[in-house]
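The numbering used here puts the first residue of the sequence shown at 7, with every later residue one more than the last.
Heads up, the beta-carbon is just placed ideally off N, CA and C, and yes, glycines get one too.
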Amino acid sequence: MFDALELDRQPPSEELRHFTNRESEQAVFRRILEVAANDTLPVLMFYGIGGTGKSWLLRRFRHTAESLKLPVAHLDLDNRSGAGIGRRDTAGILAEIRGQLGPSLRCPRLDLAYAWLRAKLRDAEDPAFRGGTALGVAAEFVAELGKVATSDVPGGNLIGWVAKKVTAPRFKKLKTSGLADWLASKNGEADFLRLKVRTADELREELPKRLLLDLRDSLPQRGDFRCRGVLLLDAMESLIRTTSASHAQYEAQKWVRELYHPDSPLLVVIAGRDRLNWAQMPNSAFAAPEHLEQHLIGGLAQPDAEQFLVNCGITNSELQRAILGV
């Protein structure tokens, strides 16, 4: 008789009960979640050798953030376990973050720029366009109007012109995604005309700032608290495995730094093996402690290790000593 075709594993909520407390690290995260609305969020970095529970710690952070109804994006950059996210180009990673933070968020600046970028690169099969996403709606819109000469685009009442150019079902999608509201604004009109003549390289450079601007406008408010969304990045060392040069490592992490801004409500939390060298680079804004907090993750203290075994159902003291003595 065959066993059931399923994996014998506990659901995430049950697995988290086995998580060894790491109270000091969790206290750091909770403290930053409660930073006042008029203060600045830092980048949080938790670093240490492999096997010290950094990935589990990020899962606990995610659980905490989601319990507070905060939008969360959680990316594993390790190509061996992270669904190949680390192999995507920077634009693709940003699209993944945008998608994970929630389809209900309106991000017209990013959506249109990303759609124009892929159009200029002749990449219509981007996975981010599938499933009726806002990025997919933007891609359809760009494909339909991309062939229109710039001189034929009016300098005023752009949305009225768009309504006549696209099909009724597509215009309805534009309204649902928030793109129509953006194009109806003066800033949106100007942005549309600017995007059409931008090069692919120029568009790629703008994407991080566009995402932050969109999130500033669309992430749900939290009253007196600054943090309104959380980005968790695991296995940071995967970005720099191919080089040991300090400057090259710094450049490989550029897109991560660009997802931080002191005016942004997005909290960036990173886990990796190595301490970040951002503060040591010339003229770096991250030299200021309010912009970057780094915390070493060491081995488990004896009480924590014993509690972990208890959480896993190993309560026999002799067996605990035997395991911990290995």
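- For residue 219, there is no enclosing beta strand (DSSP E); the residue is found in the alpha helix (DSSP H) stretching over 206-224.
- 9 Å or more divides the Cβ of residue 79 from the Cβ of residue 39.
- Taking a cut-off of 8 Å for Cβ pairs, the segment 281-294 and the segment 221-235 do not touch, as fewer than three such pairs fall below it.
- According to DSSP, residue 301 shares a beta bridge with 52.
- Residue nearest to residue 292 within the set 119, 243, 129, 46 is 46 (criterion: CA-CA distance).
- Closest option to residue 126, judged by alpha-carbon separation, among 148, 100, 239: 148.
- The alpha carbon of residue 255 has as its nearest neighbour, out of 132, 286, 226, the alpha carbon of 286.
- Residue pairing by DSSP places residue 239 opposite 81, 276 in a beta bridge.
- One thing to note: residue 295 has its Cβ no nearer than 9 Å to the Cβ of residue 261.
- The residue among 42, 36, 54, 37 with its C-alpha nearest the C-alpha of residue 301 is 54.
- DSSP lists 42 as the beta-bridge partner residues of residue 231.
- One alpha carbon belongs to residue 138, the other to residue 288, and they sit about 44 Å apart.
- Counting along the chain, the unbroken alpha helix (DSSP H) around residue 60 starts and ends at 60-73.
- Residues of the same chain with a CB within less than 8 Å of the CB of residue 198, apart from the 5 flanking positions on each side, are 118, 159, 164, 189 in chain order.
- For residue 120, the three-state secondary structure derived from DSSP is helix.
- Per DSSP, the continuous alpha helix (DSSP H) segment holding residue 106 begins and ends at 96-106.
- Note on geometry: alpha-carbon atoms of residue 63 and residue 28 lie some 8 Å from one another.
- For residue 176, the uninterrupted alpha helix (DSSP H) run begins and ends at 174-183, by DSSP.
- When DSSP states are grouped into helix, strand and coil, residue 193 belongs to the helix group.
- For a cut-off of 8 Å, the C-beta gap from residue 270 to residue 218 is around 5 Å, short enough to register as a contact.
- Taking all protein chains in view, the Cβ of residue 253 is surrounded by fewer than 16 other Cβ atoms within 10 Å, so the residue is classified as exposed.
- Straight through space, the alpha carbons of residue 171 and residue 220 are spaced by roughly 26 Å.
- In this chain, the alpha helix (DSSP H) harbouring residue 145 covers 140-151.
- Judged by their CB atoms, residue 52 and residue 275 are nearer to each other than the 9 Å cut-off.
- Distance from the CA of residue 277 to the CA of residue 298, rounded to the nearest whole angstrom, comes to 13 Å.
- Taking C-beta atoms under 8 Å as the contact rule, residue 143 and residue 179 qualify, at a distance of about 5 Å.
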